[in-house]
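Residue numbers (the working numbering), protein chains in the order written: chain A, 1 to 481; chain B, 1 to 425. Note that beta-carbon positions come from the ideal geometry of N, C-alpha and C, so glycine has one too.
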Amino acid sequence: MSKDNQILEEFTSKEYEHGWSVNFETDEAPIGLNEDIIRWISAKKEEPEWLLEWRLKAFQTWLEMKEPKWANVRYPKIDFQALKYYSAPKQKKKPKSLDEIDPELLQIYERLGISLNEQKRLQGIAVDAVLDSVSVGTTFKETLSKLGIIFSSFSEAVKEHPDLIKKYLGSVVPINDNYYATLNSAVFSDGSFCYIPKGVRCPMELSTYFRINAANTGQFERTLIIAEEDSYVSYLEGCTAPQRDENQLHAAVVEIYAGKNSEVKYSTVQNWYPGDKQGKGGIYNFVTKRGICAGDHSKISWTQVETGSAVTWKYPSCILKGDYSVGEFYSVAVTNNYQQADTGTKMIHIGKNTKSRIVSKGISAGHSQNSYRGQVQVMKRAVNARNFSQCDSLLMGDKCGAHTFPYIDIQNSSAKVEHEATTSKIGEDQIFYCNQRGIGTEDAVALIVNGYAKEVLNQLPMEFAVEAQKLLALTLEGSVG
Amino acid sequence: MTTLTKNKATDLVLAQIPVLNSFQSLREDSHAILREYGLPHAKEEEYKFTGLSKKIEQSIADFSPASAADLSLETVQSHIFEGFDGDTIVFNNGRFEPELSNLQGQAYELIPLNVSDPSNLGKIAKIEKDPFVALNSASFEDGIYIKVGRNKQVEKPILLLFFNQALKGQVISPRILIEVEDNSEVSFLENSISLDEEVYFCNTVTEIKVSQNAHVHYNRLQNENKKAIIVNNFETDIHRDATFTSVVVSLSGDMLRNNLSLNLLDSGCEGNMYGLYLLDGKTHVDNHTNVDHTKPHAESNELYKGILADKSRGVFNGKIFVRQDAQKTNAFQQNNNILLSEDATVNTKPQLEIWADDVKCSHGCTTGQLDEEALFYLQARGIGKVQAKGLLLYAFVGEVLENITDNSFKQHIENLVQVRLGSSF
């Protein structure tokens, strides 16, 4: 432990010398996947030898693995040899002003309440000097580095803090974890790295920075968050604005390490392209997210609002290893048209007096299928473990489906575990009540849905909660007739 | 159905299935299914926590059917509980024993399967659904077919008594088909008794057709010896405005697997499932229930409770399917467990799959201990800790036991439960 502390101290005391973003030449890997491609990616990113070996080991493991079939989702088989595994942020033809943007998209932005400047940034329009992303970024950077917080792109962290990466990479999601996580380990392109030193409370939502300087992190994103003893961080991934991504397959990995007395709050708003109304196209989102409450009294909280992607396969999990550690999972998953979502969580109680809480709200409309799949596991030595799970489903229309697959495995007699689930629809009387009072049917649905999801939305950072509410209404637009 | 490659148990079983002259096409199809899919593998989702194939491989040396055991009328009568008034149908290692049975000429027909060939056999419990159904269908030698005609009220309960004893740990394959026609009512009691303490493998298939506006009640007690391996496949088709209620009480055995399926085929029908597992030692009980709502306005209720002591393990998997047509469905499911020891394990998976929007479905499950405050309340009023615990546990299981229809059977089970609750801690 003393050696670890030494390493960490070294890094936390170091000044931040480099800028935030690393500019690669616009370049793409050839189609296909083999060892040479991985070597190519690793060389391209000037990675150290050990990381290349780590990638190759993951690749070898991946070759022997089989694609998981247990999820309640259906999609055509993915040809992994037909994909491009590396493409540096492309310099797309940038529109000169908002006039050139699809008016439908602008309308959505407006309704989400996204500021004009941000609208421009989202569309890749050079933003004027008033809100220059670089300068804002610099201000944030200064505030953060004064506190010793490291927040950088993953590839930069590999160069700057190789010991930290070496120590924690794969410690929560090992390279042989599952098919998509292993694939990610072999070919991950970039992502973010966040390190909160001992006793530091991160003064801002790390999202704030992220929103202004959203990096195109590509389809195999890797995130690593380390919270040392007595620290706190709130991290937000994604954006409420619709993302028209070209990549069909996204296999990201997020790892969180929480030390003694620390707290990590991870919020996600995902609104990727869900495919058209006939279910053509759309993103496959196969994500592995896991956090470990390694120290006593630590806490990890996942909040997610999932409205996009054609197929979602995502189970943010907590390993409650430290005594008195707490894991939370709050989720709203909305599916419309032909979207499919199989999402939930895993709470693994190992330490004594550990607590977990699961609140999952599924909303299905159109022809969509929405599944909750969760596991609560209480190990033998997890004395006095406590879990409460609630998973509700709301069905809109008679062509959609809502499914629940909770696994509850208890090996300790002092555990208290509760699970409850309900399925219902929006009552005609509720709609009628609103109609009578001059609220249109569509607005009434939005109102009811927001009330239904409130328990989860309340967990989101303020500015996102407002947008997420509007997003819910927008996603469900046209689903009642 | 399993898609994995066959295992050793399958080879052993296939090599020793007897050649039989009845039900030729059913047997051939069952053989084909077993050859193709085999018995469930350890990684099979449906048998994830219950390694039956391995258990069978380890414990059963001889897969030939067990021949009839030595069974006297006195033995049979000693197992009929006090105050019971009704018909008894006795099975000796799965074979119907007309001599030992007591039939009072009630309003139903009883036909041994070796003399008749009912067209519905194998139509309700489909061999593709589970390899153990296929195994039974390929190897059962005897069984009964009970038919309750239209507008009949079978007043007294029918008790099915299964006496099991395999001298060399062989296989027992009881087979029962029950058809209850329109507007009729009947109630069944079932009790399985081990004649000695040796291992055997009992693989039962029970098929029930509940026709329009018929009402069937089926109560089961499983209290076999500590080495018994039991697979119970229970399939029911429930038609318009009919009701079916099942109560299963599992008290002992080595490994028990209960597959219970309710197919709600028309509107207005109702299915109820109650279960209690009270386990000690190393007993492993796995209850898999499946309710399929296919038409509107049907209702299902499910309540399973378990108390687990020592190194026992309780598995519960309750599936509710609500098909797209099944609007206005009400489906409720509840599973509660109490763990009494550090080494007991519960694996529960209450599963809902819903394709219709205008439904009311809920499920809940809890695992915990006795309420300390309730215990204190009783202790403060002069009731000893052991007694107080027994009282609270008895109240916990009471909710399930009150659904048993026949009083003498209920009393018999209550006595067994009370003894167990008083002695296990």
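Under DSSP, A:Val417 takes part in a beta bridge, and its partners are A:Asn387 and B:Thr367.
In the structure shown, A:Val173 falls within a coil segment according to DSSP collapsed to helix, strand and coil. When the beta-carbon positions are compared, A:Ala453 and A:Val332 come within less than 8 Å of each other. Listed along the chain, the chain B residues whose CB falls inside 8 Å of the CB of A:Trp70 are Glu45. By the CB criterion at 8 Å, B:Ile338 and B:Leu370 fall inside the cutoff. Here the stretch 143 to 156 of chain B makes contact with the stretch 95 to 110 of chain B; the two share three or more CB pairs at distances below 8 Å.
Taking a Cβ-Cβ cut-off of 9 Å, the neighbours of B:Asn347 in chain A comprise Tyr407, Ile408, Asp409 and Ile410, given in sequence order. Fewer than three pairs of CB atoms, one per stretch, sit closer than 8 Å, so the stretch 108 to 118 of chain B makes no contact with the stretch 69 to 79 of chain B. With fewer than three CB-CB distances shorter than 8 Å, the stretch 381 to 390 of chain B does not count as touching the stretch 439 to 449 of chain A. Proximity of chain B to A:Ser413 at the Cβ level (cut-off 8 Å) is accounted for by Leu339, Leu340, Ser341, Glu342, Ala344 and Gln369, in chain order.
Straight-line measurement puts the Cα of A:His403 at about 16 Å from the Cα of B:Gln327.
Counting C-beta pairs with one atom in each stretch, the stretch 334 to 346 of chain A and the stretch 359 to 369 of chain A have three or more that are closer than 8 Å, which means they touch. Between B:Asp406 and B:Leu195, the gap from beta carbon to beta carbon reaches 8 Å or more. Between A:Glu420 and chain B, the shortest Cβ-Cβ separation is below 8 Å. By the neighbour-count criterion, in which a residue is buried when 16 or more other Cβ atoms sit within 10 angstroms of its Cβ, B:Leu20 is exposed.
A contact is defined here as three or more CB-CB pairs under 8 Å, and the stretch 142 to 151 of chain A fails this definition with respect to the stretch 251 to 270 of chain A. DSSP places B:Ile404 in the coil class of the three-state scheme, outside both helix and strand. For B:Ser362, the closest Cβ of chain A is nearer than 8 Å. One Cα belongs to B:Ile383, the other to B:Leu340, and the distance between them is close to 20 Å. Of all alpha-carbon atoms in A:Asp342, A:Val417 and A:Lys361, the one lying nearest the alpha-carbon of A:Val376 is that of A:Val417. Residue contact with chain A for B:Leu352: present (Cβ-Cβ distance below 8 Å to some residue of chain A).
Contact of B:Ala356 with chain A by beta-carbon distance below 8 Å involves Leu395 and Asp398. With the criterion set as a beta carbon lying under 7 Å from some beta carbon of chain B, the members of the stretch 423 to 450 of chain A are Thr423, Ser424 and Lys425, in sequence order. Distance between B:Asp358 and A:Ile426, taken at the CA atoms: about 9 Å. Contact annotation, B:Val186 with B:Val180: C-beta distance approximately 6 Å; criterion of less than 8 Å satisfied.
With a threshold of 16 other beta carbon atoms within 10 Å, A:Met462 falls short and is exposed.
At a beta-carbon threshold of 8 Å, the residues of chain A lying near B:Gln324 are Asp398 and Lys399, ordered along the chain.
A direct Cα-Cα distance of roughly 6 Å separates B:Asn290 from B:Leu262. Boundaries of the alpha helix (DSSP H) around B:Pro131: Pro131 to Ser139. With fewer than 16 other CB atoms across the displayed protein chains lying within 10 angstroms of its CB, B:Ser25 is exposed.
Under the 8 Å criterion on CB atoms, B:Cys365 is classed as interfacial with respect to chain A.
Here the alpha carbons of B:Glu44 and B:Phe96 stand approximately 34 Å from one another. The C-beta distance from A:Glu237 to A:Thr268 rounds to 5 Å, short enough to fall under 8 Å.
Taking a Cβ-Cβ threshold of 9 Å, none of the residues of chain A is close to B:Gln24; the smallest such distance is about 36 Å. Within the model, the alpha-carbon separation for A:Tyr75 versus A:Val311 is close to 8 Å. Leaving aside the five residues that flank B:Phe234 on each side, the residues in its chain whose CB is nearer than 6 Å to its CB run, in chain order, Thr206 and Leu260.
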